[in-house]
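Undergrad: Right, I'll just put the structure down here and ask away after.
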Amino acid sequence: MPTTEAVVRTDAGLAAELRVGVMRLRRRLALERHPENDLSLGQMAVLGLLLRRGEMTIGQLARLERVQPPSMTRTVSCLEELGHVVRGPHETDGRVVVVALTERGREVVLADRSRRDAWLAVQLAHLTPDERAALRRAAPILDRLSQAD
Numbered sequence: 035m036p037t038t039e040a041v042v043r044t045d046a047g048l049a050a051e052l053r054v055g056v057m058r059l060r061r062r063l064a065l066e067r068h069p070e071n072d073l074s075l076g077q078m079a080v081l082g083l084l085l086r087r088g089e090m091t092i093g094q095l096a097r098l099e100r101v102q103p104p105s106m107t108r109t110v111s112c113l114e115e116l117g118h119v120v121r122g123p124h125e126t127d128g129r130v131v132v133v134a135l136t137e138r139g140r141e142v143v144l145a146d147r148s149r150r151d152a153w154l155a156v157q158l159a160h161l162t163p164d165e166r167a168a169l170r171r172a173a174p175i176l177d178r179l180s181q182a183d
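The opening residue of the sequence shown carries number 35 in my numbering; numbering runs sequentially from there.
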């Protein structure tokens with residue numbers, strides 16, 4: 035059986051190793067969510083987008099999350115019922131509705147991120163300086179990959 039180093043020398047091998055590693059890390063980070071947070075990962079992703087980018091239309095949110103607008107409408111409706119977002123008129127086009135984060139939604143996102151970041155920081159502390167440097171270089175690349183079509 036080939037070693038991991040031998041497998042990742044090919045693009046296909048690297049793709050497989052990245053897929054497995056990223057999926058495992060995602061699952062592990064999902065387990066580190068704030069205990070009082072019962073929102074789905076999709077709902078949290080919407081709140082995170084609104085925190086980073088400010089108010090958006092349902093269509094914009096759907097495109098960024100790669101879901102259909104009716105699915106995003108249901109997600110936003112649920113978040114609105116919970117008091118995490120509000121809908122309001124677009125500043126220049128009265129026919130368009132925008133979704134904005136409430137203070138409660140902001141608090142949920144920040145508490146959840148803080149808990150996950152703290153767990154990940156502890157794990158990073160167990161790595162060598164060279165491993166942390168490699169991850170610093172890889173982080174923007176992984177982010178760019180996550181946004182590719």
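Each residue gets a CB set at the ideal place from its N, CA and C atoms; glycine is no exception.
(1) Can you tell me where the alpha helix (DSSP H) with leucine 135 in it begins and where it stops?
(2) Which value, in whole angstroms, describes the spacing of the CA atoms of leucine 176 and valine 80?
(3) Determine the extent of the beta strand (DSSP E) in which proline 123 is found, giving its start and end residues.
(4) Can you name, in chain order, every residue of its own chain whose Cβ lies under 8 Å from the Cβ of proline 103, other than the five neighbours on each side?
(5) Less than 8 Å between C-beta atoms, sequence neighbours within five positions excluded: which residues of the same chain meet that for leucine 83?
(6) Should aspartate 146 go down as buried or exposed, given a rule of 16 or more other Cβ atoms within 10 Å for buried?
(7) Cβ of arginine 129 less than 7 Å from any chain C Cβ?
(8) Return the chain-ordered list of same chain residues with a C-beta closer than 6 Å to the C-beta of glycine 139, the five sequence neighbours on each side being excluded.
TA: Reading it off the structure:
(1) Run containing leucine 135: none in the alpha helix (DSSP H); it sits in the beta strand (DSSP E), 131 to 135.
(2) 20 Å
(3) 119 to 123
(4) Ile92, Gly93, Ala96
(5) Met90, Leu95, Leu98, Glu99
(6) buried
(7) Included in the structure is just one protein chain, with no chain C present.
(8) Leu81, His118, Val119
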